[in-house]
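Numbering (my numbering), first residue to last: -11 to 73.
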């Protein structure tokens, strides 16, 4: 549903559900950027590894740590960096 609303070239931020990141990777979303930092012991590390292997422009970490607050902080850091450039 979200892909139909925003289309290609969107920035996607996933900080909670590894399944959402995996689903995004299966779609032909053509994102400008994917911030993939889901948290959890089931699927989080694997979904982030899949993002890194996908070839899409993305930001992730290694392991189970992450979450919505971390994903939002990463996006804010990127936006702040862009403003300063």
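Even for Gly, the Cβ is constructed at its ideal location relative to N, Cα and C. Quick caveat: nothing in here was measured; it's all calculated off a predicted structure.
| query | Looking at the structure shown, is residue 39 part of a helix, part of a strand, or coil, going by DSSP? | reply | helix
| query | Starting from residue 21 and walking both ways along the alpha helix (DSSP H), at which residues does that stretch end? | reply | Per DSSP, residue 21 belongs to no alpha helix (DSSP H); it is in the beta strand (DSSP E), 21 to 24.
| request: Assign residue 30 to one of three DSSP states: helix, strand, or coil. | output: It is coil, neither helix nor strand.
| query | For residue 51, does the count of other Cβ atoms within 10 angstroms reach 16, so buried, or fall short, so exposed? | reply | exposed
| task | Please classify residue 38: is it buried, with 16 or more other beta-carbons within 10 angstroms of its beta-carbon, or exposed? | result | Under this definition residue 38 is a buried residue.
| request: Could you name the residues of the same chain whose beta carbon sits closer than 6 Å to that of residue 23, not counting the 5 residues immediately before and after it, in chain order? | output: 1, 47, 59, 62, 63
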